[in-house]
Amino acid sequence: TTFALYLLAGHRFVTRTDSMTTGAWVAGGASLSLLVRGAFTGELVSVGGHLDDLLLTGAATASAFTLMFAALRRLGAAPAAVVMTLEAVFAIVLASLLLDERLAPWQLVGGAMVLTATVIIGLSNASARRAEDPVDDLPP
């Protein structure tokens with residue numbers, strides 16, 4: 067529910083600004099909230115020798131935020147949420163290919179179910195859009 071509200075609010079915000087700016091504001095807000103939490107709980111630690119890891123993680127997160135807000139701008143909240151369900155499938159496939167992680171049969175079944183649901187929702191949304199736009203049915 068929280069993520070759905072996040073997408074709906076994000077969709078309203080990206081209509082007023084570009085995806086990169088929205089991603090920067092969200093990442094800045096998330097960083098600030100984590101800094102405040104760490105200060106209150108005493109869990110702040112020094113980066114130490116992990117600055118390169120921190121920068122790489124930050125760049126990956128910034129890219130993910132920017133791409134998510136670009137998808138919201140182009141697709142809308144509901145279709146973007148469907149596309150984003152594929153994130154877990156791709157993470158598992160990449161872990162298998164790049165990190166030699168073994169996939170359990172239940173992971174393969176789960177991935178197939180997510181892919182099937184994404185295709186079904188995509189096809190049903192496409193047919194609903196065609197039904198709403200009678201101009202597509204006119205001969206050229």
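In this note's numbering, the protein residues as written are 67 to 206.
Cβ coordinates follow ideal geometry from the N, Cα and C atoms, glycine included.
query = Would you say F135 and S97 are within 8 Å of each other, going by their C-beta atoms?
reply = Translated into the one-based positions of the sequence shown, residue 135 becomes position 69. Translated into the one-based positions of the sequence shown, residue 97 becomes position 31. No.
key: Endpoints, alpha helix (DSSP H) assigned at D166   = In the sequence shown, residue 166 corresponds to position 100, counting from 1. For D166, there is no enclosing alpha helix (DSSP H), as DSSP gives it neither H nor E.
ask   = Quick one: Cα of A143 to Cα of L73, how far?
value = Here residue 143 refers to the residue found at position 77 of the sequence shown. Here residue 73 refers to the residue found at position 7 of the sequence shown. The alpha-carbon atoms of A143 and L73 are separated by roughly 6 Å.
task = Please list, in chain order, all residues of the same chain as E167 whose beta carbon is under 6 Å from its beta carbon, the five residues on each side excluded.
result = The count along the sequence shown starts at 1 and reaches residue 167 at position 101. So the list reads A161, once near-sequence residues are dropped.
task = Pick helix, strand or coil for V148, following the three-state DSSP scheme.
result = In the sequence shown, counting from the first residue as 1, residue 148 sits at position 82. In the structure shown, V148 adopts helical secondary structure according to DSSP, grouped into three states.
inquiry  = Measuring CB atoms only, is the stretch 175-191 touching the stretch 144-151, in the sense that at least three cross pairs come out at less than 8 Å?
reply    = Yes: the two stretches touch, three or more of their Cβ pairs being nearer than 8 Å.
message = Pairs of beta-carbons, one from the stretch 172-183 and one from the stretch 125-134, closer than 8 Å: are there three or more?
response = No: the two stretches stay apart, fewer than three of their Cβ pairs being nearer than 8 Å.
inquiry  = I need the DSSP call for V180, collapsed to helix, strand or coil.
reply    = Along the sequence shown, one-based indexing puts residue 180 at 114. Helix.
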